[in-house]
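Peer 1: If you read the sequence shown in the numbering used here, its first letter stands for residue 207, the second for the next number, and so on.
For every residue, glycine included, the Cβ atom is placed at its ideal position computed from N, Cα and C.
Pasting a structure here, questions to come.
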Amino acid sequence: MKKNWFWGIVITILISWIANIVYFELHQLKEPVVLNAYIDIPSSEKTNFSLFYLTNSSEVIELETLIAGEYTYSNEQNFSPWFGDLTAQSYREHFTHQYLKQASFTFDEQSLKQIVKGFQSNELYARFTNGQVVPVQLEKLNFRTPLSETNYISSTAGFGSNQGIQGNLFEATETVRMDEITLPDSLINKVELKVQLLSDTSTNAQVEKLVNKEWEDIAAPLYTDIEWPLEIQKGDSVALIFQTKYSDSYVNVVNDWSGITESREAFSYAFPLLIEPSLLNQDIDDIVLKVRGEHK
């Protein structure tokens with residue numbers, strides 16, 4: 207009887223051990239995953255952008271280089287452990303089985319051409335410190351000529367909060383009428399945008415009020431509910447306030463906003479929109495299952 211009891215415990219422990227191993231393996235990536243990105247920004251002498259990627263937290267892996275054809279570009283955030291601690295890692299967020307990490311790159315004008323060429327010919331890859339090379343598949347990668355500077359609207363502040371709210375504050379140096387804001391289709395389901403007119407008051411006070419509010423408490427209409435065009439009086443400000451909803455990709459966009467002055471002079475102003483991946487553990491599990499070919 208005691209013998210059967212003993213072997214029953216052993217078998218139970220063995221089954222539990224095997225189940226844990228199977229569960230662990232099912233939640234492991236076979237190779238790092240570079241998350242999708244939508245990048246549409248002006249170029250400059252030194253243009254930089256980021257990519258986000260997932261690695262298993264049980265492994266020490268960093269994105270080492272970006273490969274475009276025969277050209278390679280180093281990740282400026284490639285982590286080098288201090289004091290020989292080879293288990294140390296840098297990451298943006300730690301999930302149950304994976305790390306979310308960020309890679310950053312800076313390009314001159316010639317390098318940008320090579321990167322875009324690699325993207326357009328599906329020859330853009332990421333090499334990792336464990337030797338694995340994976341394709342980088344981006345929704346959009348575009349670098350355009352910057353708009354000519356305008357003196358009719360000036361940026362006075364940018365802000366963000368822990369609630370996933372970010373925004374930009376602009377001041378009209380003369381009375382203008384702004385056309386309807388249009389966002390890229392890929393952004394419509396990822397962000398909400400409110401537009402708030404503000405009288406001529408302290409910039410710091412305006413930002414403080416917005417940052418300390420919950421999304422529902424910001425007394426401003428959604429951009430889709432505004433009767434366009436929107437008139438901004440000289441000396442007044444307008445706040446473009448974004449809330450990031452679910453996003454499994456990285457968005458770095460400079461969005462054009464057109465308008466006209468009282469003297470009937472048309473102009474365009476560009477405002478930035480930066481969305482980093484916003485993920486939960488279940489989102490990570492879905493990504494792992496999808497790349498493993500096991501997603502239902």
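Between which two residues does the alpha helix (DSSP H) containing G324 stretch?
Peer 2: To locate residue 324, count along the sequence shown from 1; it is residue 118. Counting along the chain, the alpha helix (DSSP H) containing G324 begins and ends at E315 to Q326.
Peer 1: Counting Cβ pairs closer than 8 Å, one from the region 427 to 446 and one from the region 312 to 328, do we hit at least three?
Peer 2: Verdict: no, contact absent.
Peer 1: Quick one: give me the first and last residue of the alpha helix (DSSP H) that Q488 is part of.
Peer 2: Within the sequence shown, the letter at position 282 stands for residue 488. Run containing Q488: N487 to V497, per the alpha helix (DSSP H) assignment.
Peer 1: With DSSP collapsed to three states, give me the class of L389.
Peer 2: Along the sequence shown, read from residue 1 onward, the residue named residue 389 stands at position 183. If DSSP states are grouped into helix, strand and coil, L389 belongs with coil.
Peer 1: Helix, strand or coil, according to DSSP, for Y429 in the structure here?
Peer 2: Translated into the one-based positions of the sequence shown, residue 429 becomes position 223. Looking at Y429 - three-state DSSP - the assignment turns out to be helix.
Peer 1: Please work out which residues of its chain come closer than 7 Å, Cβ to Cβ, to F289, disregarding the five sequence neighbours upstream and downstream, and give them in chain order.
Peer 2: Taking the first residue of the sequence shown as position 1, residue 289 is located at position 83. Reliability of the predicted coordinates at F289 is poor, the pLDDT of 47 falling under 50, and the value obtained from them is presented with this limitation in mind. Counting only Cβ-Cβ distances below 7 Å, and skipping sequence neighbours, we find nothing.
Peer 1: Pull up the CB-CB distance for T381 and F473, whole angstroms please, since I reckon it's below 8 Å.
Peer 2: Within the sequence shown, the letter at position 175 stands for residue 381. Within the sequence shown, the letter at position 267 stands for residue 473. Not a contact, Cβ separation roughly 13 Å.
Peer 1: Tell me which same chain residues have a C-beta within less than 6 Å of the C-beta of T302, skipping the five on either side of it?
Peer 2: Your numbering for residue 302 matches position 96 in the sequence shown. The residues are N487.
Peer 1: Determine the contact status of W434 and E386, defining contact as a CB-CB distance below 7 Å.
Peer 2: As a working note, residue 434 is residue 228 in the sequence shown. As a working note, residue 386 is residue 180 in the sequence shown. Yes, the pair counts as a contact, with Cβ atoms nearer than the cut-off.
Peer 1: Are S392 and N242 close, meaning C-beta to C-beta below 7 Å?
Peer 2: Stepping through the sequence shown from its first residue, residue 392 is reached at position 186. Stepping through the sequence shown from its first residue, residue 242 is reached at position 36. Not closer than 7 Å, so no.
Peer 1: Is the CB-CB distance between F258 and Q295 below 7 Å?
Peer 2: Sequence index remark: in the sequence shown, residue 258 carries index 52 (1-based). Sequence index remark: in the sequence shown, residue 295 carries index 89 (1-based). No, they are not a contact pair.
Peer 1: Between the region 338 to 356 and the region 417 to 431, do at least 3 Cβ pairs fall closer than 8 Å?
Peer 2: Taking 8 Å as the limit for Cβ pairs, the verdict is that the region 417 to 431 does not touch the region 338 to 356.
Peer 1: Taking the beta carbon of V459 as the centre, do at least 16 other beta carbons fall within 10 Å, making it buried, or is it exposed?
Peer 2: Stepping through the sequence shown from its first residue, residue 459 is reached at position 253. That one is buried.
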